[in-house]
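Working notes, structure below.
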Amino acid sequence: MAGVEDRAGNLRRAIVAYSEALRYYTPDVSPLKYAMAQANLGIAYKELGDRQAAVACWREAEKYFRQMDMVEDADRMLEWIKDAEL
Numbered sequence: 132m133a134g135v136e137d138r139a140g141n142l143r144r145a146i147v148a149y150s151e152a153l154r155y156y157t158p159d160v161s162p163l164k165y166a167m168a169q170a171n172l173g174i175a176y177k178e179l180g181d182r183q184a185a186v187a188c189w190r191e192a193e194k195y196f197r198q199m200d201m202v203e204d205a206d207r208m209l210e211w212i213k214d215a216e217l
């Protein structure tokens, strides 16, 4: 049980850290870091069971990966979205 609580706590801390990073990694200043932080934030939300928040993050990441012509990363986000929406 303690392992599950530790994992959930770590995921919540990751969400706080990525959310804080997104205050600095804006799409205008650093679109790649912004997209990567959104993707990782989505993973943390998914692992905590918040699929809606995860999908929102991945949609945002996909948008910026696509704008940077990072097709493989953008397509990966679409796969994650598809899997989360099943």
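Position in the sequence shown (from 1) plus 131 gives the number in our numbering. Think of the CB as a built atom: it goes at the ideal place given N, C-alpha and C, for glycine as much as any other residue.
Should Gln183 go down as buried or exposed, given a rule of 16 or more other Cβ atoms within 10 Å for buried? As a first step, residue 183 is located in the sequence shown; it is residue number 52 there, counting from the start. By the neighbour-count rule (16 or more Cβ atoms within 10 Å), Gln183 is not buried but exposed.
Taking 7 Å as the cut-off, does the CB of Gly173 come closer than this to any heavy atom belonging to the ligand FAD? As for the ligand FAD, it is missing from this structure, which has no ligand bound.
Measure the C-alpha to C-alpha separation of Asp181 and Met201 and round it to an integer number of angstroms. The sequence position of residue 181 within the sequence shown is 50, counting from 1. The sequence position of residue 201 within the sequence shown is 70, counting from 1. Cα-Cα distance, rounded: 26 Å.
Please state if the CB of Ala166 and the CB of Ala187 are separated by a distance shorter than 8 Å. Position 56 of the sequence shown, counted from the start, is the residue given in the question as residue 187. Position 35 of the sequence shown, counted from the start, is the residue given in the question as residue 166. Not a contact, by the Cβ cut-off of 8 Å.
Roughly how many angstroms lie between the CA atoms of Ile174 and Glu210, to the nearest whole one? One-based indexing of the sequence shown puts residue 174 at position 43. One-based indexing of the sequence shown puts residue 210 at position 79. Answer to the nearest angstrom: the Cα atoms are 13 Å apart.
Rounding to the nearest angstrom, what Cα-Cα distance links Leu142 and Gln198 in this structure? As a position in the sequence shown, residue 142 is number 11, starting the count at 1. As a position in the sequence shown, residue 198 is number 67, starting the count at 1. Spanning the two alpha carbons is a distance of roughly 29 Å.
Counting only the same chain and skipping the five closest in sequence on each side, list residues whose C-beta sits under 8 Å from that of Ala152. Residue 152 sits at position 21 when you count from the first residue of the sequence shown. The answer, listed in chain order, is Lys164, Ala168.
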